[in-house]
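Visitor:
2 protein chains.
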Amino acid sequence: MHFVLTIVIVLLASKIAGQISIRLGQPSVLGKIIAGILLGPALLGWIQPSELITEFSEIGVLLLMFLAGLETDVKSLNQNMKSAVAIAVAGVIVPILLGWAGGVWFGLTTTEAIFLGLVLAATSVSISVQVLRELGWLNSREGAALLGAAVLDDIIVIILIAVAMGFFTGESTNLGLLLGGQVAFFALIFVLGRWLVPYFVHAFARFKITEPIVTAAIIIAFAFAWGADFFGVSGIIGTYFAGIALARTEWAHQIEDKVSPIAYGIFVPFFFINIGLPISFDGVGDQIWFIVIFCIIAVISKWIGCGLGARLTGFNTKSSIGIGAGMISRGEVALILASMGLGAGLLPQSHYTSIIIVVIFSTLITPPLLKMVFGKRDEHSA
Amino acid sequence: MHFVLTIVIVLLASKIAGQISIRLGQPSVLGKIIAGILLGPALLGWIQPSELITEFSEIGVLLLMFLAGLETDVKSLNQNMKSAVAIAVAGVIVPILLGWAGGVWFGLTTTEAIFLGLVLAATSVSISVQVLRELGWLNSREGAALLGAAVLDDIIVIILIAVAMGFFTGESTNLGLLLGGQVAFFALIFVLGRWLVPYFVHAFARFKITEPIVTAAIIIAFAFAWGADFFGVSGIIGTYFAGIALARTEWAHQIEDKVSPIAYGIFVPFFFINIGLPISFDGVGDQIWFIVIFCIIAVISKWIGCGLGARLTGFNTKSSIGIGAGMISRGEVALILASMGLGAGLLPQSHYTSIIIVVIFSTLITPPLLKMVFGKRDEHSA
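Line by line, the protein sequences are chains A and B.
All residue numbers for the first sequence refer to my numbering, where the first residue is 23 and numbers rise by one.
All residue numbers for the second sequence refer to my numbering, where the first residue is 23 and numbers rise by one.
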């Protein structure tokens, strides 16, 4: 019964914090992340990180990206592919350079500094997706460029991390295998998404069982997530493309209607709350300058890099600033990379807490920045 | 990503097994439980029991009883209270007597035999609820009597188990505290259900957050579950009464619509699959007679006891046979009691596997029996 109480606390806290955030003119996501920091071990200690919270949070972000896929306008995604590439590439290069320079400045080894740069190159688009949805911008050209860039960013960073870990730890990484796996994954989901997915849902739709269609959709989403992970891509990329595949079926609307309560009614609040849980303020005083400088690096490196990528490929200044802001959030991806780096000895233990704070800060600043730049969109003006 | 694959396997297996079951003229629940036995460690070994599966399963049964509460006709529940009491009391006495007699016959000590009888006195109504819903009988007089009896059975068995454990292990059980807690719980949910619950949902309904109403409903359901557990009642009784409380609000229909995909789309399949997971066939050959005799005792003790209780309080023979059959399933409640008894040394380790098999058998036989007695109900004839 202990976990049932955790569910009550997480749902209550995240929804109330979200509502307060909205009343203060901010996206609800901001309040939810702050609620996690407050409830976590660093402050109140009402919620302790646990395997269950991690799993619920993981399912939450998988469903979030699945819903984003369902809402994605594939034509718009294709039309903005050039921008997406420019945003992703510039948004990887600038953080690596600034992260490396900052790391060396603060006395880290070259290896550590480069790895730190790589951690800062990872984007977590799920936060921005949710904020853009709230503001009504998810289905805009800007939203499409952002989603495309985030998918590419994930692929690029995973490859670079694999190369770096292989190079620095001396273990050989089979880069051909990794790249081959990624190519195989995208080829596979293209084929499966086009032919098997509609057939599968169609077969399930005739079942006389409870909730056949939403169950079929969840099976597809999670199978794609597992496949993505298996082939060396993030699980969220898998559910995102599962959403895109299902968006073309006749059940798209029904699936969205029924996955929404599953996502927002139970799992997604765990994702937002979970972001703040690993924070700790122990020894922060000693590294306050490191934290301040790296918070600035984290924000401006993506903002400038991605903003420039957008501006140079046809977006106007306001949209470019907004797209850059939307790529700042590092969230769960950077947290995973940081703990991988720590395990492999590529990030110094002494700076780990500070890096976590920087990552969480970048996630926290994204919702208000997006709101500031884009504002609430009048859906009818689209 | 490992658990994501488990979700895919559980959903796929339970829904396909459910569909096969329906095609063979059986309630889908039967196929789902069998799927769990097949996939579990005893046979295929594709799914291993884990904390996550247990939690998902627990949430599943909590939501199942919550939905049952939402659909319950309180007037009908009150009208059938006399029958419910008779069914529950007779359904506790007969299994204890037969279980005790059978245990002594097979050479158990008196203590072990009585505790075994107590395990057999626990009803798990969730399986029957789902079967009756599938057959269209949940909202009948028979369904109301069954639900009322199951709630009372839970209360009686918890009290008896507490008394027995205190008596046999020599630790003093504060019976007054337990009874007082149960009374306090029912008083509390009556007051909260009547006044706080509608107010709480009303407050949430005005929130501008995602899925406010279904989230409020889940918060209430799980808070009631935790409260029930805290005051010494089963969690499912808590969510059941949360459902009853919400059924009276204007949002009842919307809540049912949105909790249904959460329940059946992800958590409930884990509940059905999880029932079969603890089964093991090691050393079954040595105790085959114990298993056979106790399977018979498990079935006829509830069937006769509860059926008699129903018959003597105004139900006709067919309905009484059906109600008796619906109370046979022991499911998760008996499994929990058995493992408690094992831990306290009140059940012999040597017979534990056999007892698990008996409990699962009683759960497995209930769906086809209910289908046989009641058949599919024409909703319009009600």
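Don't be surprised by glycine CBs; every beta carbon is placed ideally from N, CA and C.
These numbers come from a predicted model, not from an experiment.
#1: Compare the Cα-Cα distances from Ile183 of chain B to each of B:His275, B:Leu66 and B:Leu368 and report the closest residue.
#2: Using only the alpha-carbon positions, how far apart do Leu101 of chain B and Arg216 of chain B sit?
#3: Going along chain B, which residues have a C-beta under 8 Å from Tyr221 of chain A?
#4: Taking the alpha carbon of Leu392 of chain A as the point to measure from, which residue in A:Ile377, A:Trp325 and A:Asn196 has its own alpha carbon closest?
#5: Work out the CA separation of Gly158 of chain A and Ala404 of chain A for me, nearest whole Å.
#6: Short of 7 Å Cβ to Cβ, which residues in the stretch 39-50 of chain B face chain A?
#7: Classify Ala366 of chain A as helix, strand or coil using the three-state DSSP reduction.
#8: Are the beta-carbon atoms belonging to Ala264 of chain B and Gly82 of chain B less than 8 Å from one another?
#9: Just the chain B side, please: which residues come within less than 8 Å of Pro71 of chain A by C-beta, in chain order?
#10: Step through the CB atoms of chain B and report whether any lies within less than 8 Å of the CB of Ser282 of chain A.
#11: Does Asp251 of chain B get closer than 8 Å to chain A when you measure Cβ to Cβ?
#12: Applying the criterion that 16 or more other CB atoms from any shown protein chain within 10 Å of the CB defines a buried residue, is Pro283 of chain B buried or exposed?
#13: Against chain A, with Cβ distances strictly below 8 Å, would Thr232 of chain B count as a contact?
#14: I want to verify the contact list: residues of chain A whose CB lies under 7 Å from the CB of Glu77 of chain B, in sequence order.
#15: Taking all protein chains shown into account, do 16 or more other C-beta atoms lie within 10 angstroms of the C-beta of Ser150 of chain A, making it buried, or fewer, making it exposed?
#16: By the three-class DSSP mapping on this structure, what secondary structure does Val306 of chain B have?
#17: So what does DSSP say about Arg399 of chain A, is it helix, strand or coil?
#18: Kindly list the residues whose CB is nearer than 6 Å to the CB of Leu386 of chain B, restricted to its own chain and excluding five residues on each side of it in sequence; keep chain order.
#19: Chain A partners of Leu34 of chain B, CB-CB under 8 Å?
#20: How long is the line joining the alpha carbons of Gly329 of chain B and Glu164 of chain B, rounded to whole angstroms?
#21: For the structure I just gave you, are there three or more beta carbon pairs, one from the stretch 134-148 of chain A and one from the stretch 334-345 of chain A, closer than 8 Å?
#22: Is there at least one Cβ from chain A nearer than 8 Å to Trp429 of chain B's Cβ?
#23: Under a CB-based cut-off of 8 Å, is Lys37 of chain A close to chain B?
#24: Starting from Lys37 of chain A, trace the alpha helix (DSSP H) in both directions and tell me its first and last residue.
#25: Any beta-carbon of chain B closer than 8 Å to the one on Tyr286 of chain A?
#26: Given that Ile29 of chain B touches chain A, what residues does it touch there, using C-beta distances under 7 Å?
#27: Nearest by alpha-carbon distance to Trp311 of chain B: which of B:Ile31, B:Leu60, B:Trp127 and B:Val30 is it?
#28: Residues in its own chain within less than 7 Å of Val321 of chain B by CB, not counting five upstream and five downstream?
#29: Taking contact to mean 3 or more Cβ pairs, one atom from each stretch, closer than 8 Å, check whether the stretch 106-114 of chain A and the stretch 172-181 of chain A are in contact.
#30: Rounded to whole angstroms, what is the Cα-Cα separation between Leu74 of chain A and Leu168 of chain B?
#31: Kindly list the residues whose CB is nearer than 8 Å to the CB of Leu85 of chain A, restricted to its own chain and excluding five residues on each side of it in sequence; keep chain order.
#32: Can the beta-carbon of Phe190 of chain A be found closer than 8 Å to that of Thr133 of chain A?
#33: List, in order along the chain, the chain A residues whose C-beta lies closer than 7 Å to that of Phe229 of chain B?
#34: Give the straight-line distance between the Cα atoms of Asp95 of chain A and Ile266 of chain B, rounded to the nearest whole angstrom.
#35: Report the neighbours of Val173 of chain B on chain A: residues whose CB is nearer than 7 Å to its CB, in chain order.
#36: Over the uninterrupted alpha helix (DSSP H) stretch that includes Ser150 of chain B, give me the two end residues.
Guide: To lay it out plainly:
#1: In the second sequence, residue 183 of chain B corresponds to position 161, counting from 1. Looking at B:His275, B:Leu66 and B:Leu368, the one whose alpha-carbon comes closest to that of Ile183 of chain B is B:Leu368.
#2: Working through the second sequence from its first residue, we reach residue 101 of chain B at position 79. Working through the second sequence from its first residue, we reach residue 216 of chain B at position 194. The sequence shown places Gln at residue 101 of chain B, rather than the Leu named in the question. Roughly 20 Å between the two C-alpha positions.
#3: The residue given as residue 221 of chain A occupies position 199 in the first sequence. Within chain B, no residue comes near Tyr221 of chain A; the closest Cβ sits about 15 Å away, beyond 8 Å.
#4: In the first sequence, counting from the first residue as 1, residue 392 of chain A sits at position 370. Ranking A:Ile377, A:Trp325 and A:Asn196 by Cα distance to Leu392 of chain A puts A:Trp325 first.
#5: As a first step, residue 404 of chain A must be located in the first sequence, where it is residue number 382. As a first step, residue 158 of chain A must be located in the first sequence, where it is residue number 136. Because Ala404 of chain A sits at a pLDDT of 42, beneath the cut-off of 50, its placement in the model cannot be relied upon, and the following sentence gives the value as read from the coordinates. Whole-angstrom Cα-Cα distance: 10 Å.
#6: Gly40, Gln41, Ile44 and Ser50
#7: For the purposes of this step, residue 366 of chain A is taken as residue 344 along the first sequence, with counting starting at 1. Ala366 of chain A falls in the coil class under three-state DSSP.
#8: Position 242 of the second sequence, counted from the first residue, corresponds to residue 264 of chain B. Position 60 of the second sequence, counted from the first residue, corresponds to residue 82 of chain B. Not in contact: Ala264 of chain B and Gly82 of chain B (Cβ atoms no closer than 8 Å).
#9: Here residue 71 of chain A refers to the residue found at position 49 of the first sequence. Within 8 Å Cβ-Cβ: nothing; Pro71 of chain A doesn't reach chain B, min ~15 Å.
#10: For this step, residue 282 of chain A is matched to residue 260 along the first sequence. Ser282 of chain A counts as touching chain B.
#11: Along the second sequence, one-based indexing puts residue 251 of chain B at 229. Yes, Asp251 of chain B counts as interfacial toward chain A.
#12: Locating residue 283 of chain B in the second sequence gives position 261, where the first residue counts as 1. Buried, because 16 or more other Cβ atoms sit within 10 Å of the Cβ of Pro283 of chain B.
#13: Position 210 of the second sequence, counted from the start, is the residue given in the question as residue 232 of chain B. It does; some Cβ of chain A falls within 8 Å.
#14: Taking the second sequence and counting its residues from 1, the one referred to as residue 77 of chain B is at position 55. Simply Phe25 and Leu74.
#15: As a first step, residue 150 of chain A must be located in the first sequence, where it is residue number 128. Label assigned to Ser150 of chain A: buried.
#16: By 1-based counting over the second sequence, the position of residue 306 of chain B is 284. Coil at Val306 of chain B, not helix or strand.
#17: Walking along the first sequence from the start, residue 399 of chain A turns up at place 377. Three-state result, Arg399 of chain A: coil.
#18: The residue you call residue 386 of chain B lines up with position 364 of the second sequence. Result list for Leu386 of chain B: Ile55, in chain order.
#19: Taking the second sequence and counting its residues from 1, one reaches residue 34 of chain B at position 12. Below the 8 Å Cβ cutoff, chain A contributes Ile241 as neighbours of Leu34 of chain B, in chain order.
#20: Start at 1 with the first residue of the second sequence, and residue 329 of chain B comes out as number 307. Start at 1 with the first residue of the second sequence, and residue 164 of chain B comes out as number 142. So the alpha carbons of these two residues sit roughly 11 Å apart.
#21: With a cut-off of 8 Å, the stretch 334-345 of chain A and the stretch 134-148 of chain A do not count as touching, because too few Cβ pairs lie within range.
#22: With chain B covering only 23 through 404, there is no way to say anything about residue 429 of chain B.
#23: Taking the first residue of the first sequence as position 1, residue 37 of chain A is located at position 15. Judged by the 8 Å Cβ criterion, Lys37 of chain A is in contact with chain B.
#24: Looking up residue 37 of chain A in the first sequence gives position 15. Residues His24 to Arg45.
#25: Along the first sequence, one-based indexing puts residue 286 of chain A at 264. Yes, because at least one Cβ of chain B sits closer than 8 Å to the Cβ of Tyr286 of chain A.
#26: Counting from one through the second sequence, the residue named residue 29 of chain B turns up at place 7. The answer, in chain order, is Phe244.
#27: Residue mapping note: residue 311 of chain B aligns to position 289 of the second sequence, counting from 1. Of B:Ile31, B:Leu60, B:Trp127 and B:Val30, the residue nearest in Cα terms is B:Trp127.
#28: Within the second sequence, the letter at position 299 stands for residue 321 of chain B. Hits under 7 Å: Ile350, Ser384 and Ile387.
#29: yes
#30: Looking up residue 74 of chain A in the first sequence gives position 52. Looking up residue 168 of chain B in the second sequence gives position 146. Pairing Leu74 of chain A with Leu168 of chain B, the inter-Cα distance amounts to about 34 Å.
#31: Position 63 of the first sequence, counting from 1, holds the residue named residue 85 of chain A. Cβ neighbours of Leu85 of chain A within its own chain (closer than 8 Å, five residues either side excluded): Ala243, Thr261, Val281, Ile284, Ala285, Phe289 and Val290.
#32: Sequence index remark: in the first sequence, residue 190 of chain A carries index 168 (1-based). Sequence index remark: in the first sequence, residue 133 of chain A carries index 111 (1-based). Cβ distance < 8 Å, so Phe190 of chain A and Thr133 of chain A count as in contact.
#33: Numbered from 1 along the second sequence, position 207 holds the residue referred to as residue 229 of chain B. The answer, in chain order, is Lys37 and Gln41.
#34: Locating residue 95 of chain A in the first sequence gives position 73, where the first residue counts as 1. Locating residue 266 of chain B in the second sequence gives position 244, where the first residue counts as 1. Distance between the alpha carbons of Asp95 of chain A and Ile266 of chain B is about 42 Å.
#35: By one-based count along the second sequence, residue 173 of chain B stands at place 151. In chain order: nothing, as chain A lies at least about 18 Å away.
#36: Along the second sequence, read from residue 1 onward, the residue named residue 150 of chain B stands at position 128. Segment Val147 to Leu157, the alpha helix (DSSP H) holding Ser150 of chain B.
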